[in-house]
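Novice:
Numbering (this note's numbering), first residue to last: 63 to 226.
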């Protein structure tokens with residue numbers, strides 16, 4: 063890696079769809095890495111929405127363009143950052159590379175290219191894709207959700223972390 067990918071702070075436990083999330087209220091790990099062209103990116107302060115996606119994931123291929131459009135439509139509250147973390151990269155026949163995939167989604171916010179060891183995904187306890195993490199203004203995990211979200215669900219999670 064041109065720019066070393068690092069995670070600082072405690073790793074969050076894996077989160078599955080069922081049960082309470084034991085990471086709620088914990089400090090979000092600080093991720094330091096780079097985008098696809100090597101520019102440094104730092105993720106983990108709040109308020110923020112982090113979307114973890116994989117180039118080969120059909121759910122991510124559907125969800126990421128929707129979230130990008132929702133952001134373009136003004137759904138992202140002022141003061142809340144949005145980052146797409148491209149992770150779990152696989153070279154699969156007929157599937158776009160991560161760079162091509164992200165470009166095809168219309169995503170205009172920052173992108174963190176995870177390491178080949180998936181340091182960012184591991185630090186946040188990613189258990190499936192797409193995977194959302196919502197961080198409050200104090201840098202604490204407010205919510206983690208795996209799977210596709212409706213516009214209403216996304217609005218609700220964002221409202222909980224939006225600056226007042």
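Beta carbons are placed, not taken as given, at the ideal position from N, Cα and C, and that holds for glycine.
For the region 173-225, which segments carrying the alpha helix (DSSP H) assignment without a break, of at least 4 residues, lie completely within its bounds, in sequence order?
Specialist: 181-185 and 213-223
Novice: Identify every residue that forms a DSSP beta bridge with residue 149.
Specialist: Sequence index remark: in the chain shown, residue 149 carries index 87 (1-based). Answer is none; residue 149 lacks a bridge partner.
Novice: Report all residues from its chain with a CB closer than 8 Å to the CB of residue 225; omit the five preceding and five following residues, and keep chain order.
Specialist: Within the chain shown, numbered from 1, the residue matching residue 225 stands at position 163. Same-chain partners within the cutoff: 109, 139, 140, 141, 142 and 199.
Novice: Count Cβ pairs between the region 110-130 and the region 166-185 that sit closer than 8 Å; are there 3 or more?
Specialist: Contact holds: three or more Cβ-Cβ distances are below 8 Å.
Novice: Look at the Cβ atom of residue 106, then the Cβ atom of residue 92, and state whether they are nearer than 7 Å.
Specialist: Stepping through the chain shown from its first residue, residue 106 is reached at position 44. Stepping through the chain shown from its first residue, residue 92 is reached at position 30. Yes, the pair counts as a contact, with Cβ atoms nearer than the cut-off.
Novice: Compare the Cα-Cα distances from residue 189 to each of 90, 206 and 164 and report the closest residue.
Specialist: Your numbering for residue 189 matches position 127 in the chain shown. Here the closest residue by C-alpha is 206.
Novice: Among 86, 74, 97 and 90, which has the Cα closest to the Cα of residue 161?
Specialist: One-based indexing of the chain shown puts residue 161 at position 99. Checking every option, the nearest Cα to that of residue 161 belongs to 97.
Novice: Could you check the C-alpha separation between residue 148 and residue 187 for me, to the nearest Å?
Specialist: For the purposes of this step, residue 148 is taken as the residue at position 86 of the chain shown. For the purposes of this step, residue 187 is taken as the residue at position 125 of the chain shown. About 15 Å.
Novice: Tell me, please, which residues DSSP counts as bridged to residue 110.
Specialist: Indexing the chain shown from 1 puts residue 110 at position 48. Its beta-bridge partners are 143 and 197.
Novice: Who are the Cβ neighbours of residue 169 in its own chain at under 7 Å, not counting the five residues just before and after it?
Specialist: Position 107 of the chain shown, counting from 1, holds the residue named residue 169. Taken in chain order, the residues that qualify are 126, 130 and 146.
Novice: How would you call residue 176, buried or exposed, if buried means at least 16 neighbouring beta carbons within 10 angstroms?
Specialist: Locating residue 176 in the chain shown gives position 114, counting from the first residue. By the 10 Å Cβ count, residue 176 comes out buried.
Novice: In the DSSP assignment, what are the bridge partners of residue 89?
Specialist: Looking up residue 89 in the chain shown gives position 27. Beta-bridge pairing links residue 89 to 202.
Novice: Measuring only the C-alpha atoms, how far is residue 171 from residue 144?
Specialist: Position 109 of the chain shown, counted from the first residue, corresponds to residue 171. Position 82 of the chain shown, counted from the first residue, corresponds to residue 144. In this structure, the straight-line span from the alpha carbon of residue 171 to that of residue 144 is close to 6 Å.
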